[in-house]
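Read through the structure below, which is laid out as structure tokens, and then see the notes.
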Amino acid sequence: MRGSAAAVRDVPEPGQRRAAMTTVLALKDVHKTYGATVAVRGVTLALAAGEVHAIVGENGAGKSSVALIAAGVVTPTSGEIELQGRIIVFDSARAAESQGIVLIPQELLLYDSLSVIENLYVGRPRPRGAAGLVNAREMRRRAREVLGRLGVEVDPSRLVEELTPASRQLVAIARALMLDARVVIMDEPTAALDEWEAQRLLQVVRALTASGVAVLYVSHRLAEVMQIAQVITVMRDGQTVVNGPVGQFNEVALVRHMLGRPIEQFARKTGRVQSPVALEISGLSRTGLFADVSLHLRYGEVLGLAGLVGSGRSALAQTLFGYARPSSGTVRIDGIPLRLSSIEQTVRDGLGYVPEERQSQGLFMPLSVRDNVSLPALARFRRRGLIARNRELEYVEQALAPLRLRGRLGDPVASLSGGNQQKVLLARWLALMPRVLILDEPTRGIDMGVRGEIYRLIDQLTNDGVAILLISSEIKELLLLSDRVAVMREGRLVSEFSGAALTELNIGGAALGHHSEGPS
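Start counting at 1 in the sequence shown, then tack on 148, and there's your number in the working numbering.
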């Protein structure tokens, strides 16, 4: 087939007629191979109208591959896709959209320079008046109508680049409704959202299913899957391990099915740390992003930094690492003022940084694992203009040894799962041995198994005396790992908690503006 055609034929089995009345989309014994690599092995699942069917599994389990097959982006090697009881073959995502199946990928396909209205009408005919001219008033009315159906309060005339990550997700869902979606496929929809924004998104998903839309929901966040799903499929190594109604599972059981073993329970001993101060920030400001931030971090301590998306946490981290100069204030390591003149200088001063956006800000995606780990330290291996490759290899292998990387040193980083990409980035800093390490959302989009490995690595680093500033949108993660937690809101440090005051209620309240206590 060419273009965006969808070939359809009736399913001959009469015994399936009753199931077809409720099942909107079904995958039957679907396989997908790439050469010798098997990505999906015999997956069968069904999506019913008005239902959320969640897929969970480790990175590389095949979840996203199944989502892409269902959305027409990837053609299965074998197996069948049925749409309301008829076998259908898609040759493109547009062909699937024409049949009411819409994918909302993790990296949203929105146009930043266009307005919300214009994004909603991408791929759809625009209403026209009697003279054949585009009816802008009708476009606005329809946009407000579909946004209203979801309870979304977004000005349709605003540019998408001006929206928060949460609002961008809601616009993507509204676009699916504009395409008359019967099935919406969501791949890690809350990965870039904090806990409060994620709950708002789940409300919108409930509104979708209440209108009869079937939702295929791929997520690492097991707690939200338990909240939103009616049916769960667990995948491991490209195949279905178990599926069934959500009532059959709890989070512990899901993790056991995902990993094929019980997860090791992690508990870091937290509390007041009495070691010398490693990092001291005094009155640090950056115009328009944050103001008058003062805090300190001791060797061997984890200081958590909480707050809503846009509260200034990541901007503070980037400034500390030398991405941009502060407008005022001082930063000291071991009492010595830092110039913050460049990233290279900051690294020499003993500071490391794992950014929130690992692909765009941290890794060199076309380069190999080996190059990504060794690149910042190549000067160590250069002799008379040549690189001592044997010394470089030893350096990389030593850095990766604690991390159990699933991949080869020569593999492009782009070919690795999100969890393994994060391991490569962490290995870079393990090798450089910083005195202070900033971790910005280090477990975002990462499965439970790799998450546990990262938690244990953080514990080991603090045991070795490294001072860690941990930025996370997951309060439970901050409580698990942090000795103290500071909270930012609207660019200012508003509270700090430790000891008995270190609770989910206090941190969440301060982030939302419901807590009056200032920094201690």
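A virtual CB, placed ideally from N, CA and C, is assigned to each residue, including glycine.
For Val250, the CB contacts under 8 Å within the same chain, skipping 5 residues up- and downstream, are Ala219, Ala244, Arg323, Ala324, Leu327, Ala329, Val331, Val332, Ile333 in chain order. Scanning its chain for C-beta atoms nearer than 6 Å, with the 5 sequence neighbours on each side dropped, one finds around Val222 the residues Leu216, in chain order. Pairing Val561 with Pro514 gives a Cβ-Cβ distance under 9 Å. Residue pairing by DSSP places Tyr182 opposite Thr185 in a beta bridge.
Counting only the Cα atoms, Gly567 lies some 6 Å from Val598. With distances taken between CA atoms, Tyr447 lies nearest to Ala426 out of Gln608, Ala426, Gln317. Look at Val204 here: in three-state DSSP terms it is strand. In the displayed model, Ile586 falls within a strand according to three-state DSSP.
The DSSP assignment places 450-454, 476-481, 499-502 as complete runs of the beta strand (DSSP E) inside the region 450-527, in order along the chain (cut-off: 3 residues). For Asn267, the enclosing alpha helix (DSSP H) covers residues 264-268. By the Cβ-count criterion, Tyr603 is buried, with 16 or more other Cβ atoms from all chains shown falling within 10 Å of its own Cβ.
Around Ala209, the same chain offers Met383, Arg384 as residues with beta carbons nearer than 6 Å, after the five sequence neighbours per side are excluded. Contact between Arg306 and Asp607 does not hold, since the beta-carbon distance rounds to 44 Å and is not under 8 Å.
The Cβ-Cβ distance between Ser367 and Val204 falls below 9 Å. For His662, no beta strand (DSSP E) encloses it, and the DSSP letter there is neither H nor E. Following the DSSP letters along the chain, one finds Arg537 inside the alpha helix (DSSP H) bounded by residues 537-548. Contact annotation: Val379 and Asn391 have beta-carbon atoms nearer than 9 Å. Leu627 is positioned such that its CB atom lies closer than 9 Å to that of Thr651. For the pair of segments examined, the region 633-653 was found to touch the region 457-465: the number of CB pairs separated by less than 8 Å reaches three. The Cβ neighbour count for Asp260, taken over all protein chains shown within 10 Å, is under 16; the residue is labelled exposed. Annotated three-state conformation of Arg297 is helix, per DSSP. Here Lys176 has Thr192, Gly227, Glu228, Ile229, Glu230 as same chain residues with Cβ atoms under 8 Å from its own Cβ, once five neighbours each way along the sequence are excluded. The DSSP-derived three-state label of Glu345 is helix. Here the region 471-489 makes contact with the region 420-438; the two share three or more CB pairs at distances below 8 Å. For Val382, the enclosing beta strand (DSSP E) covers residues 379-384.
Leu523 counts as exposed, since fewer than 16 other beta carbons sit within 10 angstroms of its beta carbon. For the set Ile376, Gly360, Ile321, Tyr365, the Cα lying nearest the Cα of Gln347 is the one of Ile376. Of all C-beta pairs linking the region 569-587 to the region 534-541, fewer than three are shorter than 8 Å, placing the two stretches out of contact. When only Cα atoms are considered, Arg632 and Thr338 end up about 26 Å apart.
Residues of the same chain with a CB within less than 8 Å of the CB of Arg272, apart from the 5 flanking positions on each side, are Met326, Leu327 in chain order. Here Thr357 carries a helix assignment [DSSP, helix/strand/coil]. In the structure shown, the three-state DSSP call for Val221 is coil.
For His444, the secondary structure class from DSSP, reduced to helix, strand or coil, is strand. Fully enclosed alpha helix (DSSP H) runs of no fewer than 4 residues occupy 566-580, 596-611 of the region 559-628, in order along the chain. Cβ contact annotation for Leu511 (same chain, cutoff 7 Å, sequence separation greater than five): Asn520, Val561, Gln569, Val572, Leu573, in chain order. In this structure, Glu545 lies away from Glu343, with their beta-carbon atoms at least 9 Å apart.
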